[in-house]
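With our numbering as the guide, the letters of the sequence shown map in order to residues 0 to 187. Heads up: the structure comes next, in structure tokens.
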Amino acid sequence: TTYFRYDTIQVGTDGIVEVVKGSNFSAGGTIPGPPGATADHLAIGFVLIPPNCVAITEFNVNKSFTTPIPSSLSSVVDDDELEWTDTSTVIHLSIKDQYGNYYRNANPGHCFTFTWLMGNGTLSYGGESQDETASFSFYYSSSTNAAVTYTRDGEVTDRSVTLVITESLTGLSSYASIVLLDSLGQPM
Numbered sequence: 000t001t002y003f004r005y006d007t008i009q010v011g012t013d014g015i016v017e018v019v020k021g022s023n024f025s026a027g028g029t030i031p032g033p034p035g036a037t038a039d040h041l042a043i044g045f046v047l048i049p050p051n052c053v054a055i056t057e058f059n060v061n062k063s064f065t066t067p068i069p070s071s072l073s074s075v076v077d078d079d080e081l082e083w084t085d086t087s088t089v090i091h092l093s094i095k096d097q098y099g100n101y102y103r104n105a106n107p108g109h110c111f112t113f114t115w116l117m118g119n120g121t122l123s124y125g126g127e128s129q130d131e132t133a134s135f136s137f138y139y140s141s142s143t144n145a146a147v148t149y150t151r152d153g154e155v156t157d158r159s160v161t162l163v164i165t166e167s168l169t170g171l172s173s174y175a176s177i178v179l180l181d182s183l184g185q186p187m
């Protein structure tokens with residue numbers, strides 16, 4: 000779901016703690032406050048429930064809603080150890096907001112830049128590619144994750160890869176590493 004909700008925590012004169020469920024709201028709509036306590040009860044706090052919330056933590060208690068902003072850049076490599084016969088793997092990039100949901104910047108999109116710290120090979124995305132001699136940048140404007148392909152050279156001079164990945168509009172960064180193995184299974 001894409002809705003947020005405030006619930007109120009209340010205690011009655013009988014000492015029983017209860018929850019008063021609030022109304023759903025979207026980030027772009029009117030933001031309501033937490034619901035009031037019912038008769039003969041005292042509100043002792045409220046809980047902000049973001050979209051896709053599966054567990055309540057201290058992050059949710061007595062926290063006011065703020066507009067979702069990009070908060071983290073994640074890079075996940077499908078196969079971070081390539082055997083000699085494995086030629087490529089995919090690096091997935093995603094940006095999430097402070098609530099842990101995918102963040103989308105549709106216009107102009109996210110500008111990702113891969114900088115080679117070490118290693119060699121080729122990075123590809125959307126019909127464009129670049130080897131280790133220069134950084135590789137591209138725009139991405141979809142809602143979940145970008146999938147960038149890394150392809151090894153397949154030479155005895157191959158070297159394991161470490162990449163720094165940055166997003167220019169947010170300044171967020173991440174790393175990706177891929178261990179390349181030689182024909183004997185030893186790291187290169």
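Glycine included, each C-beta is placed from N, C-alpha and C at the ideal position.
When only Cα atoms are considered, glutamine 185 and serine 140 end up about 39 Å apart. Taken through DSSP and simplified to helix, strand or coil, tryptophan 115 comes out as strand. One thing to note: isoleucine 94 has its Cβ no nearer than 9 Å to the Cβ of alanine 175. The count of Cβ pairs closer than 8 Å, one atom from the stretch 114-123 and one from the stretch 54-68, stays below three, leaving the stretches out of contact.
Under DSSP, leucine 179 takes part in a beta bridge, and its partners are Leu81. Cβ contact annotation for aspartate 6 (same chain, cutoff 8 Å, sequence separation greater than five): Val18, Val19, Lys20, Gly21, Pro33, Pro34, Phe45, Val46 and Ile48, in chain order.
Between the C-alpha atoms of threonine 56 and histidine 40 there is a straight-line separation of about 24 Å. Only residues of its own chain outside the window of five on either side were considered, and among them Leu72, Val163, Ile164 and Thr165 have a CB closer than 7 Å to the CB of serine 172, listed in chain order. Per DSSP, the unbroken beta strand (DSSP E) holding serine 136 starts and ends at 135-139. In the DSSP assignment, phenylalanine 64 is bridged to no other residue. Threonine 169 is positioned such that its CB atom lies closer than 9 Å to that of proline 69. Per DSSP, the continuous beta strand (DSSP E) segment holding arginine 4 begins and ends at 3-11.
Excluding five sequence positions before and after aspartate 77, the CB atoms of its chain that fall closer than 6 Å to its own CB belong to Thr88 and Val89, given in chain order.
Residues of the same chain with a CB within less than 7 Å of the CB of alanine 146, apart from the 5 flanking positions on each side, are Val89 and His91 in chain order. Taking the CA atoms as reference points, glutamate 131 sits about 55 Å from isoleucine 8. Asparagine 23: member of the beta strand (DSSP E) spanning 16-24, first to last residue. With respect to asparagine 23, glycine 99 sits apart: the two C-beta atoms are not nearer than 9 Å.
Taking serine 25 as the centre and dropping the five residues before and after it, the same chain places the C-beta of Thr1, Tyr2 and Phe3 closer than 8 Å to its C-beta, in chain order.
The C-beta of isoleucine 177 has 16 or more other C-beta atoms within 10 Å across all chains shown, which makes the residue buried.
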